[in-house]
Every structure is written in structure tokens, then in C-alpha cells.
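Below: the structure, in C-alpha cells.
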Amino acid sequence: PESGPSPAQGVGPLYRPDGEKPTATVSKEVSYENVHVLPQTPQLIALLTMIRDKRTSRADFIFYSNRIIRLLVEEGLNHLPVVEQSITTPVGRSYLGVKFEGKICGVSIMRAGEAMEQGLRDCCRSVRIGKILIQRDEETCMPKLFYDKLPTDIADRWVLLLDPMFATGGSATLAVETLIERGVPEHRILFLNLIASPSGVAEFAERFPKLRVVTSFIDQGLDEKKYIIPGLGDFGDRYYSM
Ligand code: PRP
Ligand code: URA
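Taking my numbering, I'd label the letters of the sequence shown as residues 68 to 309.
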């Protein structure tokens, strides 16, 4: 393990006193301004407990992962810019609100990142989606880029980069470098992720200080095979083929 255990904290309804809440391991905290960790609510921790459990069936793994993905997408959208918009309601009154500014697209890191596409589509109707096929070499754990197909006007869009697992950070780094080569400014990239390692996230946040990371959990560390621990195993295998 690369660092100590994550903190245990009382997780339960807010109205319960701390001593009466069940204790659970929650995400490590990070002090990078560009890394946002979802609030460690009882709901999120229960969903994560389901997908981390090795006894969870594939059907349940898909169902509960999809729920966390939906939370990530909803939170990720809060990091996109909005502008003021005044509208008139059916009863003739005006209301000052906001609307999203700018065009977006999703880019999934195949294969596991494709599992996050539907959650994005559910929130952003007919969103354009690009793909980058990056695979980690099983021996060296180094990422290799095989293929990419991105919207032609991607340089004009905000990009929601999708990958559930962030271990060494090598795959996400290669994906970001590919996007930057295609003209996407770093500050218009938002990386949505389920579980990250503390070292991966720290290196990434320092290397790309202008992009934002939204993750649901920063875990304890990596094992000798560079798997996240306690982690959930191989996300792609559990979602697609186990
Ligand atoms: C997994 C995962 C990430 C990557 C994380 O993909 O989905 O893309 O590993 O590891 P890293 O941060 O150390 O690069 P993998 O290459 O195993 O392919 P898969 O999506 O087909 O399972
Ligand atoms: N890829 C995964 O799916 N899980 C890990 O823990 C690391 C890489």
C-alpha cells in the first residue's frame, strides 16, 4: 500500500448525533482546488459498498455503478459555466435563472469508460460522444493508445472525459494529451471518475492544474499490480464480461 488507511467516519442521516451513526470508510481528502470529491453521503457509500463487494452479481454491479455514474454526471454538470437567463412563467411573472453556456461532448476511454456514456446521455439529450481506445499493458501497466474518433469540432467544446478507474493515472493522462493535441484547451476538460488512487490524482492535478476532476472516492492506494485498493477489481471485466 502506498499510504495509510482512509478515514472512518460516521455515515448516517444528518439529524442523528455522530456517536449514533454507523461508521464507514470514506474518501481521503485532497487539497487540490481542481479535484472535487462527491459528498460522502449514506447513499453514495451504500452504492460503493455494493459495487466493491466481490459477491455482487454482474446485473447488480451494472445497476449500482450506473447510479453512481448518474450522481457523477449530475455533479459534473455543475462545473460547466452558466449565464443569467430571465424567463416569464405561465402566470405572467418573471423569474431570473441561468442556462448552460457553450457546447459539450463526452469522450469515453474504452472499454470501461463506455459504461459512463448512458449516464451522460440520460442528462444531456443527443450529446455527441467521442471514443479513445487506451489499454493498460498487463505486464508493464503502461497505457497504449490504439484508436481515437472524436467530434470534428471538439476544440470548440467542453469535454467530459469518462473513465471509472483512475489508478496510476497513465490512461487518463494519455487521453488528456490526445485531447490537447486536438486543440481542446485544458480548462475545458472535466474528468469524471468513480474511484481514484491518491498518488494518481495528485500527479494528475499538478500536471493539469486547469482541468477539473470530479470523482466519487479517493481510495487507499495501489497494490503491486497497480490495482486500486481496496478498489473493486477490474471494472471493465465486472461490467461487461464477468
Ligand atoms: C482500466 C481503467 C482505466 C485504466 C486505469 O482500463 O478503465 O482506463 O485501467 O489505470 P491507470 O490509471 O493505471 O492507467 P484497462 O486498460 O484495464 O482496459 P478496460 O477498460 O478494457 O478494462
Ligand atoms: N483498472 C481497473 O479496472 N481497476 C483497477 O484497480 C486498476 C485499473
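We put the beta carbon where it would ideally sit given N, CA and C, even for glycine.
In the DSSP output, what is residue i paired with across the bridge?
i                 : result
isoleucine 262    : Met232, Phe284
cysteine 172      : Arg195, Val226
arginine 279      : Leu257
leucine 200       : Met177, Tyr214
phenylalanine 167 : Val149
With the cut-off set at 8 Å, would you say residue i and residue j are in Cβ contact?
i                 : j              : result
phenylalanine 302 : valine 280     : no
valine 104        : threonine 282  : yes
serine 175        : lysine 198     : yes
aspartate 286     : proline 297    : yes
serine 94         : glutamine 107  : yes
arginine 224      : isoleucine 295 : no
leucine 261       : isoleucine 135 : yes
leucine 229       : glycine 173    : yes
leucine 241       : isoleucine 201 : yes
leucine 138       : leucine 111    : yes
Report whether the distance from the Cβ of residue i to the nearest heavy atom of ligand 1 is below 7 Å.
i                 : result
methionine 232    : yes
serine 132        : no
alanine 239       : yes
arginine 178      : yes
aspartate 215     : no
phenylalanine 275 : no
Hey, would you say the C-beta of residue i is under 7 Å away from at least one heavy atom of ligand 2?
i                 : result
phenylalanine 167 : no
tyrosine 306      : no
isoleucine 295    : yes
glycine 288       : no
aspartate 204     : no
aspartate 120     : no
(request) May I ask you to verify whether the stretch 150–164 touches the stretch 219–237, counting CB pairs closer than 8 Å and requiring at least 3? (result) no
(request) Say whether the stretch 241–260 touches the stretch 78–91, bearing in mind that this needs 3 or more beta-carbon pairs closer than 8 Å, one atom from each stretch. (result) no
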